[in-house]
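Protein chains in written order, with the numbering used here: chain U, 1276 to 1589; chain L, 234 to 506.
Think of the CB as a built atom: it goes at the ideal place given N, C-alpha and C, for glycine as much as any other residue.
The structure presented is a predicted model; accordingly, all values stated were derived computationally and were not measured.
The block underneath contains the structure these notes are about, expressed in structure tokens.
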Amino acid sequence: MTSASAPSPAGTRESLRRRRPRYGEAVIKGVLLVAALVSVATTVGIVASLLPPTLRFFERVGVWEFVTGTTWSALFNPPSYGVLPLVGATLLITLIAIVVAVPLGLAAAIYLSEYAHPRTRKVFKPVLEVLAGIPTVVYGFFALAALTPLLQDHWPFGEGPEVFNALSAGLVMGVMIIPTVASMSEDAMTAVPSSLRQGAYALGSTRRLVAIRVVVPAALSGIVAAIVLAISRAVGETMIVAIASGNKPSLTWDPLQGMQTMTGYIAQAGEGDLPTSSFDYTTIFAVGLLLFLLTFVMNAFSIRLVRKYREVYE
Amino acid sequence: MQITPYDPNREPPGLADPVFQVSDLSVFYGDYEAVRDVTMSIGHRQITAMIGPSGCGKSTVLRCFNRMNDLIPGARVNGKIAYHGEDLYGDHVDPIEVRHRIGMVFQKPNPFPKSIYDNIAYGPRVNGVRRGLDDIVEEALHQAALWDEVKDKLKDSALALSGGQQQRLCIARTIAVKPEVILMDEPCSALDPIATAKIEDLMHNLAQQYTIVIVTHNMQQAARVSDRTAFLTADVDKAGVRHGRLVEYDLTSQIFTTPQDERTEAYITGRFG
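Given below as structure tokens:
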């Protein structure tokens, strides 16, 4: 009997030892770690770069004055640094967009996931996702050149919208984020196990009840994530508002008037000829940081909301 | 002793008032004929078991009884299933209404990701019941022998229950709709032996009020719980395509002691399948 065919206990131990070091594993682990760190580092870097100019801004302007002031005329004399008009415009236009996008997007998602023939879905979903690829400048121009005149011509009561107005911008922005809501919600609904649907059908549910009582609640966390992402896009959207809602900061809830959002102001001031060393330049960063904080708080809040209400099916 | 040759179309004795009468049922998925020419009757408040090897079409037949196959694109049936004499696949028949009367319990417990209470109340609610839900829930849980285990945690998630409890919950959920028939598609295949024994006990009790049709791959289970047993198998035709067929249908005691068809005998004695 040779030692190769009947290894001794010591020989067994020898044969189970790793034959060569696996450098590849270490490399891959390193690459993946770097990839993960890049996204975190970018976020931290953005905040870090926003902070110093913002602090310079707040040396001259009080925080309270900034967040409660009702007039924003940072680039004119006499300057006024009340950010509420910009925040108000952002919220109003986002609200209009959400009112358009959530019902339509959810309805489209429910149709695609629960009603549509698989073949229909195969055609529809890519088309829907193409909508998300349209450049926002095109949407903005569409709002200004097509939707606003249409609204002005057919406005049923009183005076119609101004040339620059929040309504057109909000409506078109809503259309822009429908694909986000619809596509992500549909993914979440399709991921609901079909055994739940079968169980519901076996209890005598109609398609509508299966969709509303079983599938939507089970997919809720994904649906909320879709809506939050859509809101984030709406809050951060710049081109549409810059083109269609004008650049006149005004604190009003009247969507027929022109107004300037936070992003609209940043775009306007950023493309202008402000010297980087000037105080006016720091206003961009103050507004930018506020925008960042708003979306950050909103995301954090919705994550908690979802944790509380979602129905986990696994 | 005279032995009468086995006639597959012979009506098993004692089925004067059948709940279902299946005649020449074939089920297609697209062009594929999954089950061919099944003829059998299901007795009122009896437990009927369908056994057979994998792929013999027993679940497919079961899913015809409450039209669950409607949900599969391309599925269609030939032949006839009469429910109390009424054609189940007639033009006027609403499958939603069918499923109110004929409930189903699935292979893998599939409670909704809701509370125990909401799981039971789901069926009555979708049928428009608003009042007396508490009583319906309690009664259904009693009947499913689950009440004592969950009465203090009705608001807890159903998914926190064990597999066997979840399956009894699914039975309770089905009962809450007050069906006449309960279809069970291998209800114990995902459960341990103790949970299985509980479900089998439960079935004996339920049979006093409900007609039960159960598909099982477990022959001992069919022998233990059922009044009648249908044995199905898959034939391979000349083109090499498999079709499910009903081989023999009789009182369970007959099937397991004196099967008439040699294929049945081979299966129950473990020589094939």
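Classify residue i: buried if its beta carbon has 16 or more other beta carbons within 10 angstroms, exposed otherwise.
i                 : result
Lys347 (chain L)  : buried
Asn438 (chain L)  : exposed
Ile236 (chain L)  : At Ile236 (chain L) the pLDDT is 44, less than 50, meaning the model places this residue with poor confidence; the figure from the coordinates comes in the next sentence. Under this definition Ile236 (chain L) is an exposed residue.
Asp351 (chain L)  : buried
Glu1434 (chain U) : exposed
Ala1372 (chain U) : buried
Leu1308 (chain U) : exposed
Pro238 (chain L)  : Confidence at Pro238 (chain L) is low in this model, with a pLDDT of 47, below 50, so the placement of that residue should be treated as unreliable; the coordinate-derived value is given next. So Pro238 (chain L) ends up on the exposed side.
Ala373 (chain L)  : buried
Glu1389 (chain U) : buried
Leu1312 (chain U) : exposed
Ala1457 (chain U) : buried
Residues in the same chain with beta-carbon distance under 8 Å from residue i, minus the five sequence neighbours each way, listed in chain order, please.
i                 : result
Thr1455 (chain U) : Ala1376, Gly1380, Ala1407, Ala1501, Leu1504, Ala1505 and Arg1508
Gly318 (chain L)  : Gln254
Glu433 (chain L)  : Cys421, Gln454, Arg457 and Val458
Thr1343 (chain U) : Gly1357 and Leu1359
Glu413 (chain L)  : Val252, Arg334, Ile335, Tyr443 and Thr444
Closer than 6 Å by C-beta to residue i: which residues in its own chain qualify, once you throw out the five before and the five after it? Chain order, please.
i                 : result
Phe1601 (chain U) : Only positions 1276 to 1589 of chain U appear in this structure, which leaves residue 1601 (chain U) out of reach.
Ala1544 (chain U) : Ile1559
Tyr262 (chain L)  : Gly307 and Ala308
Ala1494 (chain U) : Ala1463, Met1464 and Val1467
Met283 (chain L)  : Lys291, Val448 and Ala463
Thr293 (chain L)  : Val260, Ala267 and Val268
Ile1498 (chain U) : Ser1460 and Ala1463
Ile488 (chain L)  : Thr462
Asp468 (chain L)  : His476 and Arg478
Leu1566 (chain U) : Met1537
Can you tell me which residues form a DSSP beta bridge with residue i?
i                 : result
Trp1347 (chain U) : U:Tyr1356
Gln254 (chain L)  : L:Ser274 and L:Ala315
Phe261 (chain L)  : L:Glu266 and L:Arg309
Tyr1476 (chain U) : Tyr1476 (chain U) is not bridged to any residue.
Phe298 (chain L)  : In DSSP, Phe298 (chain L) forms no bridge with anything.
His476 (chain L)  : L:Asp468
Tyr482 (chain L)  : L:Ala463
Ile415 (chain L)  : L:Gly336 and L:Ile445
Met283 (chain L)  : L:Val448 and L:Ala463
Asp320 (chain L)  : L:Ala315
Under 7 Å between beta-carbons, which chain A residues line up against residue i? List them in chain order, please.
i                : result
Val410 (chain L) : Among the protein chains of the structure shown, namely U and L, there is no chain A.
Determine the chain L residues that contact residue i at a beta-carbon separation under 7 Å, and present them in chain order.
i                 : result
Val1489 (chain U) : Phe345
Ala1391 (chain U) : Those do not exist, as Ala1391 (chain U) stays about 11 Å from chain L at its closest Cβ, beyond 7 Å.
Chain U partners of residue i, CB-CB under 7 Å?
i                : result
Ile329 (chain L) : Gly1479 and Thr1481
Asn299 (chain L) : Ala1477
Asn360 (chain L) : Gly1479
Tyr265 (chain L) : Ordered by position in chain U, no residue passes the 7 Å Cβ test against Tyr265 (chain L), which lies about 18 Å from the chain.
Gly356 (chain L) : Leu1478 and Gly1479
Considering only residues of the same chain and omitting the five flanking positions on each side of residue i, which have a CB-CB separation below 7 Å?
i                 : result
Cys297 (chain L)  : Leu258, Val260, Val310 and Ile314
Ala1444 (chain U) : Ile1368, Ala1418, Ile1515, Val1516, Ala1519 and Ser1520
Ala1542 (chain U) : Thr1513 and Ala1517
Gly566 (chain L)  : A query on residue 566 (chain L) cannot be resolved here, the shown segment of chain L reaching from 234 to 506 and no further.
Leu465 (chain L)  : Met283, Gly285, Cys289, Gly290, Lys291, Gly477, Arg478, Leu479 and Val480
Asn1440 (chain U) : Thr1423, Ser1520, Pro1530, Leu1531, Gln1532 and Gly1533
Relative to the alpha-carbon of residue i, which residue among the options has its alpha-carbon at the smallest distance?
i                 : options                                       : result
Gly1449 (chain U) : U:Arg1295, U:Ala1418, U:Pro1327 and U:Gly1547 : U:Ala1418
Gly477 (chain L)  : L:Leu304, L:Gly288, L:Ala405 and L:Gln400     : L:Gly288
Thr446 (chain L)  : L:Ser422, L:Ile335, L:Leu387 and L:Arg363     : The sequence given here places Val at residue 446 (chain L); Thr does not occur at that position. The candidate whose alpha carbon is nearest that of Val446 (chain L) is L:Ile335.
Leu321 (chain L)  : L:Asn302, L:Met417, L:Glu495 and L:Gly307     : L:Asn302
Ala308 (chain L)  : L:Gly323, L:Ile275, L:Phe339 and L:Ala267     : L:Ala267
Met1451 (chain U) : U:Gly1433, U:Leu1330, U:Asp1428 and U:Val1413 : U:Val1413
Arg496 (chain L)  : L:Val271, L:Gly285 and L:His277               : L:Gly285
Val1338 (chain U) : U:Met1573, U:Arg1579 and U:Val1562            : U:Val1562
Leu1478 (chain U) : L:Ile305, L:Thr293, L:Lys341 and L:Asn360     : L:Asn360
Trp1347 (chain U) : U:Leu1403, U:Leu1526, U:Asp1428 and U:Thr1365 : U:Leu1526
Pro344 (chain L)  : L:Val458, L:Lys431, L:Gln400 and L:Gly503     : L:Gln400
Gly1511 (chain U) : U:Leu1564, U:Leu1422 and U:Leu1326            : U:Leu1564
Gly1474 (chain U) : L:His325, L:Asp250, L:Arg332 and L:His450     : L:Arg332
Glu419 (chain L)  : L:Pro412, L:Val410, L:Glu413 and L:Ile404     : L:Ile404
Asp1529 (chain U) : U:Ala1383, U:Ile1385 and U:Pro1436            : U:Pro1436
Arg406 (chain L)  : L:Thr444, L:Gln376 and L:Asp324               : L:Gln376
Gly503 (chain L)  : L:Gly473, L:Asn451, L:Asp270 and L:Arg278     : L:Asn451
Which residues of chain L have a Cβ atom closer than 8 Å to the Cβ of residue i, listed in chain order?
i                 : result
Ser1470 (chain U) : Phe339, Lys341 and Asn343
Val1493 (chain U) : Reading off the sequence, residue 1493 (chain U) comes out as Ala, not Val. Simply Phe345 and Pro346.
Leu1484 (chain U) : Val359
Can you pull the chain U residues whose beta carbon is under 8 Å from the beta carbon of residue i, in chain order?
i                : result
Arg406 (chain L) : Gly1474 and Leu1478
Tyr350 (chain L) : Those do not exist, as Tyr350 (chain L) stays about 14 Å from chain U at its closest Cβ, beyond 8 Å.
Find the residues of chain L that neighbour residue i, judging by a C-beta separation of less than 9 Å, and give them in chain order.
i                 : result
Arg1580 (chain U) : According to the sequence displayed, residue 1580 (chain U) carries Leu and not Arg. Under the 9 Å cutoff, chain L gives no residues; its nearest Cβ is about 17 Å from Leu1580 (chain U).
Which residues in chain U sit within 9 Å of residue i, going by Cβ to Cβ distance?
i                : result
Arg332 (chain L) : Tyr1476, Ala1477, Leu1478, Gly1479 and Ser1480
Pro306 (chain L) : His1392 and Pro1393
Gly336 (chain L) : Ala1477, Leu1478 and Gly1479
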